[in-house]
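J.: Using the working numbering, the first residue of the first sequence is number 635, and each one after it goes up by one.
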Amino acid sequence: MTIKAVRGVHDILPPEAPAWQRVEATARRVCEAYGYREIRLPIFERTELFARGIGEVTDIVQKEMYTFEDRTGESLTLRPEATASLLRAYIEHGLHVQPKPVRLYTLGPMFRYERPQAGRYRQFHQLNVEALGERHPAVDAEVIALLVELFRGLGLGERLTLQLNSLGDPPDRAAHREQLVAYLRANAARLCEECRERTERNPLRVLDCKRPECQPVLDAAPALADFLGREAAEHFGRVRGYLDAMGLAYVVNPRLVRGFDYYVRTTFELTTTELGAQNAVAGGGRYDGLVERLGGPADPGVGFAVGMERTVLLLGDTTPGTQPLALLIPLGDEAVRRLLPVAQAARARGLAVDVGYGERKLRGELERANKLGVAYAVIVGDTELGKGEAIVREMKTGAQRAVPLAELAAELSALGGRA
RNA sequence: GUGACCGUAGCUCAAUUGGUCAGAGCACUGGACUGUGGCUCCAGGGGUUGUGGGUUCGAUUCCCAUCGGUCACCCCA
């Protein structure tokens, strides 16, 4: 049997590539405009980095990592997310001595061992944006504004909802968790089977349950918002104030819970209803304390990840690729030798031109030109060689005119500049 | 990891109760059309019907396993 791609990974074929290029170009443009600089990171790390960074008890670390041993027996893992790697590099290279906040972004593949489904793959791509070393709530607002601007730039603003929440500081969460578990246990009889299990495993997740029979219990459950300490509450209020000042719309969702252990205070997601069960297109939050946990200075941080596949899915395949400008059609080998340098010159100026090999019939070459979608066909046969000219045919209209061979490269430039 | 549906040519799909059922359209290549495309017509290449077993005189069709896809759960981007 022929070899096929492994489960959950996929090829991005030429028709889809323009949409990816558009997302990447927009991401870079917006990030740079906000003062973020690119950092490129390895796609595997010591397993321990993710265990410590993401949290030992998360699903990702417990069952979704691609972990293997190298030849020395060291345990390595294909990165399931980028923040841990980025912070490792931040610490390792002393980037924290730069003016705060240190603004970084990175782009690339992530790996998680999950059952594939709509908008979910084992190798997928994320854009990560992180602001390190500053705890001011304006930074939270800044990265959120960047995120919103990115999707506005892609024309997807209207199809997404910004959801916002505050998880409070660790002591706030501990206090809330204690009361929440007590409450859920007391009302276990009115909860679904799954929620009863989750009460012990991951109580915050219970609040996410969509089953109608659970809603009455959940509606009356202790709300994390009521447990926020004074500082966390003030921080959240100021983040909202800054977002309001920038005119950014959001929905406060007290049940917004995220999958990594490291989030504190602000968390947010950009959600859609268009991708089936995978409604999060981007998600992030504040992670004060994480840099320190990874062995670095006590620098706070806030950032987010954007799912590129999901973004491209929303974009659809409406992004046009670039078409070659012209097909140069030599009839015979003498004409090939005459046209090759012309093509070379045109390409050196950045024009996309294709050249035939002089062996097909003119009819066939024009068919090819038509299929390639070029704007112009340039025909040079014995007749033209004799007169020292080329025929430039505009494919759309069929209009033709003669151009001296010596001026052909310049003529193509002019046509390319106009197109 | 759990469940449901699905798996025939590069793509989209046919094949009557298991019995010339291995086909069509699109795409590709060539020709009709000696140096002028988009239309039309003709021809050609391309499939061990996902894979491996089983039932049967005979399996694309039935059964089992396995791999993969899709969707949902879980979780998340």
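The beta carbon of each residue, even a glycine, is placed where N, CA and C say it ideally should be.
1. Which residue's Cα is closest to the Cα of A808: L862, A772, E768 and C843?
2. Looking only at C-alpha atoms, which of V840, D860 and L858 sits nearest to V851?
3. Which residues mark the beginning and the end of the alpha helix (DSSP H) in which Q696 is found?
4. Evaluate A914 with the Cβ neighbour count: other Cβ atoms within 10 Å of its Cβ, from every protein chain shown; 16 or more gives buried, anything less gives exposed.
5. Quick one: using the 10 Å Cβ neighbour count with 16 as the cut-off for buried, is E828 buried or exposed?
6. Can you tell me which of G1015, E764 and G789 puts its alpha carbon nearest to the alpha carbon of I778?
7. Evaluate the contact criterion for the region 871-888 versus the region 760-774: three or more CB pairs, one atom per stretch, below 8 Å.
8. Quick one: Cα of A1043 to Cα of A659, how far?
9. Check for me: the beta strand (DSSP E) holding D988 runs from which residue to which?
10. For A718, tell me which candidate among Q696, F684, R811 and A820 has the shortest Cα-Cα distance.
11. Got a sec? Which residues, its chain only, sit under 8 Å from Y755 by beta carbon, not counting five neighbours each side?
12. Does the separation of the CB atoms of T681 and T711 fall below 8 Å?
13. Report, in whole angstroms, the separation of the C-beta atoms of F745 and G941, which I expect to be a contact under 8 Å.
14. I'd like to check one pair, L790 with L948: are the Cβ atoms closer than 8 Å?
15. On a CA-only basis, which of E1023, S709, L784 and A986 is nearest G1051? Give me that one, please.
16. Would you call the region 796-806 in contact with the region 900-913, where contact means no fewer than 3 C-beta pairs closer than 8 Å?
17. R824 to Q849, Cα distance in whole Å?
18. Does A939 pass the burial test, meaning 16 or more other C-beta atoms within 10 Å, or should it be called exposed?
19. Please list, in chain order, all residues of the same chain as R674 whose beta carbon is under 7 Å from its beta carbon, the five residues on each side excluded.
T.: Judging by the given coordinates:
1. L862
2. V840
3. D693 to K697
4. buried
5. exposed
6. I778 has its Cα closest to that of E764, out of G1015, E764 and G789.
7. Result yes; three or more Cβ-Cβ pairs closer than 8 Å.
8. 30 Å
9. Here the beta strand (DSSP E) through D988 covers V987 to V989.
10. F684
11. By the criterion of a C-beta distance shorter than 8 Å, Y755 is surrounded in its chain by G642, V643, H644 and E943, once the five residues flanking it on both sides are discounted.
12. yes
13. 14 Å between Cβ atoms; not a contact.
14. yes
15. A986
16. The answer is yes - the region 900-913 touches the region 796-806, with three or more Cβ pairs under 8 Å.
17. Per the coordinates, the alpha-carbon of R824 lies some 10 Å from the alpha-carbon of Q849.
18. buried
19. T740
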